[in-house]
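Notes for the one structure printed next.
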Amino acid sequence: MTTSSSTIESTLIENRVFPPPESLARTARIAGMEAYHALCAEAEKDYEGFWARLAREHLQWTRPFTRTLDATNAPFYQWFADGELNASANCLDKHMGTPTENKTALIFEADDGSVTRVSYKELLARVSQFANALKALGVNKGDRVLIYMPMSIEGVVAMQACARIGATHSVVFGGFSAKAVHERIIDAGAVAVITANYQMRGGKELPLKSIIDEALAMGGCECVRNVLVYQRTATPCAMVAGRDTTFDEALAGQSSVCPPVSVGAEHPLFVLYTSGSTGKPKGVQHSTGGYLLWAKVTMEWTFDIRPEDVFWCTADIGWITGHTYVAYGPLAAGATQIVFEGVPTYPNAARFWQMIERHKCSVFYTAPTAIRSLIKAADTDAAVHPSRFDLSSLRILGSVGEPINPEAWMWYYKNVGGERCPIVDTFWQTETGGHVITPLPGATPLVPGSCTLPLPGIMAAIVDEVGNDIPNGVGGILVIKRPWPSMIRTIWGDPERFKKSYFPEELKGYYLAGDGAVRSADRGYFRITGRIDDVLNVSGHRMGTMEIESALVAKTDLVAEAAVVGRPDDVTGEAICAFVVLKRPLPKGEEAHQIANELRNWVAKEIGPIAKPKDIRFGENLPKTRSGKIMRRLLRSIARGEAITQDTSTLENPAILEQLAQSN
Ligand code: WT7
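When you line the sequence shown up against my numbering, it's residues 46 to 709, in that order.
What follows is the structure in structure tokens.
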């Protein structure tokens with residue numbers, strides 16, 4: 046583990062401070078910093094008691110837990126382990142017989158703008174019917190189900206239906222390739238796949254089912270007995286007799302009543318694959334009790350969610366944000382939420398603003414990449430500027446997935462929030478299950494570009510390489526010192542990798558987030574300075590450099606060697622830059638251009654379009670030390686277009702730097 050130079054820089058100078066609006070400071074769930082500090086103090090004083098209180102207040106248990114935290118097998122921590130509950134019952138059944146039952150749970154807006162509403166009562170019936178269909182296919186408690194669905198009511202229903210019968214879902218984002226799906230089906234040992242014939246994005250019909258067919262044809266997927274197909278569009282797709290069933294066929298005759306299966310609090314609710322520092326994605330395993338608890342609590346603390354709110358998290362259900370803040374949190378909190386199928390730029394870059402106006406959205410949660418691309422669009426076309434729309438329904442804004450630069454923050458604050466709405470810059474990860482460091486809208490004075498302070502109960506700190514605390518103002522390694530209920534439980538099928546990745550021995554048993562951070566000298570606010578491992582963040586999506594390298598060298602007829610690094614990008618945050626040595630003479634001009642495109646398409650096939658390198662540079666070799674180690678720090682400088690100022694004395698082949706620098 047190394048600390049990159051960017052994590053050692055001192056605090057960014059940011060003088061602007063935005064206190065919470067007076068109304069929120071008075072009425073929010075956590076109103077004022079004193080209330081925040083009181084909760085932190087409660088957690089400090091009696092850590093387990095604090096979490097036990099929340100778990101009793103926020104969840105309905107079919108069997109109450111008697112033990113809060115079990116650390117006997119650390120770092121495989123268990124929370125509320127002898128308690129039993131069902132996640133779907135805590136999202137749906139619990140609202141029955143309350144005023145929420147007839148309230149709209151989901152406002153679905155399709156790519157073409159058509160809108161469908163589903164009440165909590167209807168959603169429960171649909172989830173139950175789907176759960177019965179899964180049972181009829183022989184899907185049981187503990188089985189894994191792979192979900193490869195567009196953003197849809199049906200996608201949320203599929204996830205909730207799995208939870209209802211105790212099946213563990215593994216959602217794969219619809220942008221991943223057949224190969225990526227194949228790898229995940231095998232790793233998870235999925236017994237069934239839930240997909241759609243096509244998905245609609247930006248007016249285009251994109252295949253999903255044929256990608257599943259391709260994945261299953263790659264072999265080794267004998268575990269999959271059934272494929273369930275949602276007919277999203279009228280276009281037919283191939284169906285394999287005996288294996289594939291349409292939703293309509295599967296649901297026909299199934300009752301819309303299905304008793305939820307009680308599971309232990311530690312029962313795996315889902316496994317979600319994410320990128321790490323090696324070529325193989327990690328199946329992040331989450332629990333039922335601890336995970337759902339934090340999904341619900343953070344909806345109330347971070348978003349101050351109220352019965353009259355219209356919540357909109359723009360993330361896809363294929364990412365953790367779409368799990369916690371689409372499929373579970375808003376439902377557990379009884380909120381009305383918008384689910385959007387399409388993309389922010391179709392039919393034009395005003396789509397988000399139009400939808401906020403149309404549905405009177407009050408809490409809006411999106412990624413800095415989206416904001417930056419919409420800023421660009423509004424700069425060139427006044428018709429898509431947010432000022433053209435009535436956004437007065439908004440009261441809280443959120444940001445997630447990557448650092449938000451102060452310029453984008455200010456634009457979001459002024460032009461979208463009308464200088465009335467606090468921005469909660471939520472720092473968290475697939476592994477943390479929910480927010481860990483974030484402002485509270487009715488308490489925390491905001492500083493643009495800072496995710497401010499840890500939530501009560503989250504013992505975040507900045508330490509050096511051996512786990513010693515580092516003073517404010519100095520960069521270091523972000524850790525969480527104590528386990529918390531919504532944390533990752535293990536890496537599916539690889540407990541050793543779990544230990545090594547997140548609890549390295551030298552860090553005193555602290556959870557290693559994988560990010561560098563610095564706390565401001567004045568307020569102790571956290572600012573995330575970026576990953577300290579070989580993981581890039583492109584448009585708020587995690588990509589392992591090794592994964593892309595493996596994909597490139599898998600093109601064995603063309604590629605001899607490849608190294609991938611990140612460089613800053615105005616819109617996507619980071620961009621992927623690949624340095625490639627070919628098994629043929631160095632290409633120039635048009636030929637280089639063609640080969641680069643061929644390689645981009647290859648990576649899209651191997652992993653998915655999100656992993657396509659933006660820059661591809663060719664060289665006859667890569668900069669290496671005499672022992673043959675690739676010097677990535679030099680590649681990073683070249684990728685950024687910077688002059689090489691680092692020490693190159695250990696470099697075996699200095700001439701290569703010039704060649705690579707000119708290869709763009
Ligand atoms: C990585 C986690 C958070 C859920 C979606 C992404 C970066 C995330 C922030 C933020 C600065 C952030 C970190 C983190 N990140 N949120 N508010 N400020 N950086 O989840 O794919 O697991 O990625 O995203 O680098 O480690 P993920």
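From the three backbone atoms N, C-alpha and C, an ideal C-beta is built for every residue, glycine too.
Remark: fewer than three beta-carbon pairs, one from each stretch, lie closer than 8 Å, so the stretch 175 to 187 and the stretch 347 to 354 are not flagged as touching. Within 7 Å of the C-beta of S546 there is not a single heavy atom belonging to ligand 1. Here DSSP, grouped into helix, strand and coil, assigns W456 to helix. Secondary structure in the stretch 302 to 370: the beta strand (DSSP E) runs of 3 residues or longer, each lying completely within the stretch, are 315 to 319, 327 to 331, 355 to 358 in chain order. CA-CA distance, V519 to I449, rounds to 20 Å.
For P252, the enclosing beta strand (DSSP E) stretches over residues 249 to 252. DSSP places Y275 in the uninterrupted beta strand (DSSP E) bounded by 271 to 275.
The three-state reading of DSSP puts H82 in helix, counting H, G and I together. About 13 Å separates the Cβ atoms of A599 and V609, ruling out a contact at the 8 Å cut-off. Your pair L500 and P467 does not check out as a contact, with CB atoms roughly 15 Å apart and the cut at 8 Å.
Comparing C-alpha distances from L251 to each of T323, A360, G387, R270 shows the shortest one belongs to G387. Listed by position in the chain, the residues whose beta carbon lies within less than 7 Å of some heavy atom of ligand 1 are T319, W364, I365, T366, S444, V445, G446, E447, P448, I449, D470, T471, F472, W473, Q474, T475, E476, C496, A558, G559, D560, I573, G575, R576, N582, G585, H586, R587.
Using a Cβ distance threshold of 8 Å, I198 and F153 count as a contacting pair. Assignment of beta-bridge partners to W106 by DSSP yields no partner.
Note that the C-beta distance between G309 and E129 is below 8 Å. Counted as a single uninterrupted DSSP element, the stretch harbouring E386 is not any beta strand (DSSP E), since DSSP gives it neither H nor E. Only residues of its own chain outside the window of five on either side were considered, and among them A372 have a CB closer than 6 Å to the CB of V201, listed in chain order. As computed with DSSP, D115 is found in a beta bridge with Q123. Counting C-beta pairs closer than 8 Å gives fewer than three between the stretch 582 to 601 and the stretch 560 to 569, which falls short of the contact rule. In this structure, the CA atom of A488 is about 19 Å from the CA atom of G479. In this structure the stretch 232 to 244 does not touch the stretch 659 to 671; the number of beta carbon pairs closer than 8 Å is below three. Note: L491 is bridge-paired with F63 in the DSSP secondary-structure output. Each residue's CA atom was taken as its position, placing G379 and M204 some 17 Å apart. Closest option to S301, judged by alpha-carbon separation, among T117, A607, R209: R209. With respect to the C-alpha of T333, the residue from G575, S68, S531, N118 having the closest C-alpha is S531.
In this structure, the alpha-carbon of Y336 lies about 32 Å from that of I621. Taking all protein chains shown into account, H638 has fewer than 16 neighbouring C-beta atoms within 10 Å of its C-beta and is therefore exposed.
Under the three-state reduction of DSSP output, R662 falls in the strand class.
Annotation: the continuous beta strand (DSSP E) that includes R612 extends over 604 to 614. For I593, the enclosing alpha helix (DSSP H) begins and ends at 590 to 598. The alpha-carbon of T425 is positioned some 28 Å away from that of V469. Per DSSP, the continuous alpha helix (DSSP H) segment holding Q205 begins and ends at 198 to 210.
Between Y457 and L442, the CB-CB gap stays under 8 Å. Excluding sequence positions up to five before and after L376, its CB lies within less than 6 Å of the CB of C136, all in the same chain and listed in chain order. The beta carbon of H103 is closer than 7 Å to those of L338, K341, V342 in its chain, skipping five residues each way along the sequence. Taking 8 Å as the cut-off, the Cβ atoms of P431 and M455 do not count as close.
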